[in-house]
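Structure first, commentary second.
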Amino acid sequence: MPVERRPLERVRGTQDHQTRQATSMDAMRTKCETAFGLHGFRRVDVPVLEPAELHLRKSGLEIISKLYSFHDLGGRRICLRPELTASVVRAAIAQPSPRLPDKMFATGPVFRYERPSRGRFRQFMQTGVEVLGAEGVLADAEIIALAATTLDTIGITKYTVTIGNVGILGELLTHLGLTGRRRALLLESLEDARRHGIEAVRTRFASLDPDLIQPDESTQIRDGAVTAELSSTSQDALARLVAQTSAGDLGRRTLEDVTTRLAARMHADTARAAVDRALAFIDELGAVRGDPDTALDAARALLEAHGLDPKPLDQLSETITLLDAFGVRRERVQIDLGLSRGLQYYTGMVFEVDHEALGAEKQLCGGGRYDDLYRVLGGRQSVTAIGFAFGLERLVLAKEAETIDGTRDNVPDAVFVVPSTPGDAVIAARAATALRHIGVTAALDTSGRAARGAVAFASREGFAYLAMVSRDDPPETLRLRLLTPDGVPADDTISVPDGPIPITSSLEWLRANPASSSESTGLHRSTNRAETGTEARS
RNA sequence: GUGGCCGUAGCUCAAUGGCAGAGCACUGGAUUGUGGCUCCAGCGGUUGGGGGUUCAAAUCCCCUCGGUCACCCCA
Numbered sequence: 000m001p002v003e004r005r006p007l008e009r010v011r012g013t014q015d016h017q018t019r020q021a022t023s024m025d026a027m028r029t030k031c032e033t034a035f036g037l038h039g040f041r042r043v044d045v046p047v048l049e050p051a052e053l054h055l056r057k058s059g060l061e062i063i064s065k066l067y068s069f070h071d072l073g074g075r076r077i078c079l080r081p082e083l084t085a086s087v088v089r090a091a092i093a094q095p096s097p098r099l100p101d102k103m104f105a106t107g108p109v110f111r112y113e114r115p116s117r118g119r120f121r122q123f124m125q126t127g128v129e130v131l132g133a134e135g136v137l138a139d140a141e142i143i144a145l146a147a148t149t150l151d152t153i154g155i156t157k158y159t160v161t162i163g164n165v166g167i168l169g170e171l172l173t174h175l176g177l178t179g180r181r182r183a184l185l186l187e188s189l190e191d192a193r194r195h196g197i198e199a200v201r202t203r204f205a206s207l208d209p210d211l212i213q214p215d216e217s218t219q220i221r222d223g224a225v226t227a228e229l230s231s232t233s234q235d236a237l238a239r240l241v242a243q244t245s246a247g248d249l250g251r252r253t254l255e256d257v258t259t260r261l262a263a264r265m266h267a268d269t270a271r272a273a274v275d276r277a278l279a280f281i282d283e284l285g286a287v288r289g290d291p292d293t294a295l296d297a298a299r300a301l302l303e304a305h306g307l308d309p310k311p312l313d314q315l316s317e318t319i320t321l322l323d324a325f326g327v328r329r330e331r332v333q334i335d336l337g338l339s340r341g342l343q344y345y346t347g348m349v350f351e352v353d354h355e356a357l358g359a360e361k362q363l364c365g366g367g368r369y370d371d372l373y374r375v376l377g378g379r380q381s382v383t384a385i386g387f388a389f390g391l392e393r394l395v396l397a398k399e400a401e402t403i404d405g406t407r408d409n410v411p412d413a414v415f416v417v418p419s420t421p422g423d424a425v426i427a428a429r430a431a432t433a434l435r436h437i438g439v440t441a442a443l444d445t446s447g448r449a450a451r452g453a454v455a456f457a458s459r460e461g462f463a464y465l466a467m468v469s470r471d472d473p474p475e476t477l478r479l480r481l482l483t484p485d486g487v488p489a490d491d492t493i494s495v496p497d498g499p500i501p502i503t504s505s506l507e508w509l510r511a512n513p514a515s516s517s518e519s520t521g522l523h524r525s526t527n528r529a530e531t532g533t534e535a536r537s
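Take 0 as the starting number for the first sequence in numbering that gives the first Met the number 0 and just add one per residue.
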């Protein structure tokens with residue numbers, strides 16, 4: 000029978016983490032979580048699988064279009080979570096009674112169907128924090144500062160914090176009476192406007208909602224007559240108007256019929272005017288970016304020109320002052336009022352942290368204020384909230400980019416245990432077990448190779464110690480030998496118990512002479528077999 | 001999602017349309033104080049996969065899978 004031997008490939012956009020990478024990810028996670036814990040956050044774990052609806056309710060088109068979703072065997076619509084926030088909030092709502100503020104962090108894999116590239120995967124790790132009961136600028140500032148100081152703790156320095164506020168545009172849209180889908184589309188187009196120009200947005204908008212942008216010839220005919228009366232839109236007024244302007248020319252339609260249609264047109268006209276005004280504002284708002292002082296001045300002028308409340312800008316200013324108090328230097332901070340972010344649940348302050356060495360996928364962190372989400376997901380009260388998430392893979396990339404080549408990791412002591420001959424299996428097993436029993440890492444050579452080859456291997460792989468065991472040695476003894484990367488240590492260089500000694504004393508000796516305290520030993524050879532692939536690639 | 005580049009031994013990479021190779025790794029041996037260096041020998045390939053053009057394809061064309069860079073978007 001021929002058997003299919005073709006190797007199976009990974010699912011596109013997923014990764015295998017070999018030892019070094021898995022360890023880096025783990026260490027990165029721990030550093031982040033430790034920093035979160037230091038700020039009084041508690042850990043929560045939430046499922047990878049969620050009802051698709053959780054993410055359909057208010058995540059925004061961008062995320063939804065990339066959602067992994069399917070029907071399970073029970074016919075339920077399930078998705079792999081694309082982010083953590085919605086799950087954490089859902090879990091919080093499910094709890095008996097919230098005591099605010101409730102500060103939580105969560106870590107785990109998330110899934111988005113995107114085209115993979117460096118620093119961007121279909122399955123990746125996020126670690127993020129959420130604060131429920133997060134009122135005002137102090138909450139804003141602390142959460143941004145937490146992101147920044149976590150990076151400081153990790154030792155990542157080349158980052159920039161960019162702060163925006165989607166609430167400003169939101170307020171204008173409310174003023175203009177724009178709601179629902181139009182509101183969502185306009186909020187989404189904030190960032191588009193800057194990148195592609197306001198005309199591109201207008202064009203896109205027209206294709207999605209033709210009534211609003213494109214002038215309609217049939218309405219224009221009557222525009223002149225109607226606009227004068229726009230302020231009073233009562234049916235009576237309309238009826239009078241229609242009767243005056245088109246005396247006896249109504250054809251088969253009733254007067255009521257005509258006025259109703261006209262009212263609808265006028266509504267479309269006011270909406271169109273509102274959209275035009277919103278687009279103009281978006282165009283200008285997107286241009287407000289740069290260092291805090293300059294950007295805030297420009298923003299104040301803009302809001303004043305549009306008759307909007309400057310309060311969000313005062314808050315932004317306060318936030319930046321507070322950031323300084325939290326230890327985030329002003330030079331790191333940029334203002335960008337064109338920052339919109341893909342998740343639609345954001346309602347106010349939004350921010351991102353970028354790293355300069357990461358190219359296209361430079362964003363380390365993103366977050367902001369989402370004061371509506373708690374209710375949207377079924378919470379019975381209104382709860383202000385704020386949060387952010389790091390991409391762990393990107394933190395690792397950023398850290399590596401800043402790490403000078405040749406820096407060595409701290410590694411534990413490790414003993415490579417080699418049976419002298421295949422007949423020494425029993426004694427080798429006993430020795431390895433004895434070492435592990437006192438917490439010493441013992442890797443047993445099970446390759447079956449000749450002993451001399453095993454010794455060369457242990458040396459090359461960077462093991463700290465070699466234990467060659469043989470039945471011929473006296474019982475309860477271990478020949479322990481210190482290995483160094485540079486060759487055989489001369490006897491006078493390092494005092495090693497060379498030769499048969501009692502296991503008990505060799506263990507004591509090991510404890511007293513941890514190899515990791517010596518700069519010249521340890522498991523840090525770059526030729527480590529498991530790592531050659533990833534090393535060469537990066 | 002758009003455009004470009006790439007895919008050859010376990011790894012890093014060579015090879016005018018003309019015998020698929022090197023270094024490292026791996027296995028064995030020599031030397032060494034059972035030790036990395038050095039030396040000798042060996043193992044190792046459906047050239048990502050499929051189809052086409054050709055006397056002849058790693059090489060040219062098409063499809064596909066994967067990677068990567070710039071956009072886009074985001075963590």
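All residues carry an ideal CB built from backbone N, CA and C; glycine is no exception.
Residues bridged to residue i (per DSSP)
i	result
Thr161	Gln333, Glu351
His70	Arg76
Ser116	Arg119
Glu129	Met103, Gly386
Glu283	Answer is none; Glu283 lacks a bridge partner.
Arg480	Leu465
Leu443	Val416
Cys31	The partner list for Cys31 (beta bridge, DSSP) is empty, contrary to what the question assumes.
Arg288	Asp335
Ile134	Looking at the sequence provided, one finds Glu at residue 134 rather than Ile. None, per the DSSP bridge assignment.
Leu48	Leu79
Pro108	Met124
Gln362	Asp353
Asp367	For the sequence presented, residue 367 should be read as Gly rather than Asp. Its beta-bridge partners are Val349, Gly386.
Arg41	Met103
Minimum C-alpha distance to residue i - residue among the options
i	options	result
Ser576	Val439, Leu443, Ala397	Any question about residue 576 goes unanswered here, given that the chain covers just 0 to 537.
Gly378	Pro473, Ala356, Arg89, Leu278	Arg89
Ala93	Arg374, Leu396, Asp151, Tyr112	Arg374
Pro115	Glu401, Arg11, Asp308	Arg11
Ala279	Ser446, Leu479, Gly39, Leu185	Leu185
Ala183	Glu392, Leu342, Ser381, Leu372	Leu342
Arg329	Asp292, Leu338, Arg470, Val45	Asp292
Ser316	Phe325, Ile334, Glu355	Ile334
Ala324	Arg203, Ala147, Leu37	Ala147
Gln125	Ala91, Arg80, Ser96, Thr152	Arg80
Val165	His16, Glu401, Phe462, Gly285	Gly285
Leu372	His54, Thr29, Asp15	His54
Glu61	Asp191, Phe123, Leu434	Asp191
Ser339	Arg193, Phe120, Arg121, Asp472	Arg193
Tyr464	Val382, Val416, Ala400	Val416
Ile319	Arg180, Ala453, Phe350	Phe350
Gln14	Arg28, His38, Arg119, Arg75	Arg119
His174	Ala441, Glu198, His305, Arg203	His305
Buried or exposed by the 16-neighbour rule on C-beta atoms within 10 Å, applied to residue i
i	result
Val47	exposed
His70	exposed
Lys310	exposed
Gly223	Below a pLDDT of 50, predicted positions are generally treated as unreliable, and Gly223, at 37, falls in that range; the measurement from the model is reported next regardless. Exposed, by the Cβ-count rule.
Ser188	buried
Asp101	buried
Thr156	exposed
Leu541	The question about residue 541 has no answer here: the residues shown for the chain are numbered 0 through 537.
Ile437	exposed
Ser230	Residue confidence for Ser230 is low, a pLDDT of 36 falling below 50, so the modelled location carries little weight; the figure read from the coordinates is stated next. Classification of Ser230: exposed, given that the 10 Å Cβ count is below 16.
Ala457	buried
Asp423	buried
Rounded Cβ spacing between residue i and residue j (contact assumed at less than 8 Å)
i	j	result
Leu312	Ala298	5 Å
Arg42	Glu49	The pair is not a contact, with the Cβ atoms about 19 Å apart (cut-off 8 Å).
Leu307	Glu170	6 Å
Gly386	Ala144	Actually they are not in contact, since the Cβ atoms of Gly386 and Ala144 sit about 14 Å apart, beyond 8 Å.
Val40	Phe110	At residue 40 the sequence reads Phe, which differs from the Val that was named. No, Phe40 and Phe110 are not in contact; Cβ-Cβ is about 24 Å, not under 8 Å.
Val160	Val332	5 Å
Val130	Ala384	6 Å
Tyr158	Asp353	7 Å
Lys398	Ile142	Lys398 to Ile142, Cβ: 22 Å. No contact.
Ala51	Leu376	At roughly 14 Å, the Cβ-Cβ gap does not stay under 8 Å, so Ala51 and Leu376 are not in contact.
Check whether the region 130 to 144 touches the region 274 to 294, counting contact only when three or more Cβ pairs, one atom from each stretch, lie closer than 8 Å. No, they do not touch.
For the region 359 to 375 against the region 390 to 397, are there 3 or more C-beta pairs whose distance is under 8 Å? Contact between the region 359 to 375 and the region 390 to 397 is present: 3 or more CB-CB pairs across the two stretches fall below 8 Å.
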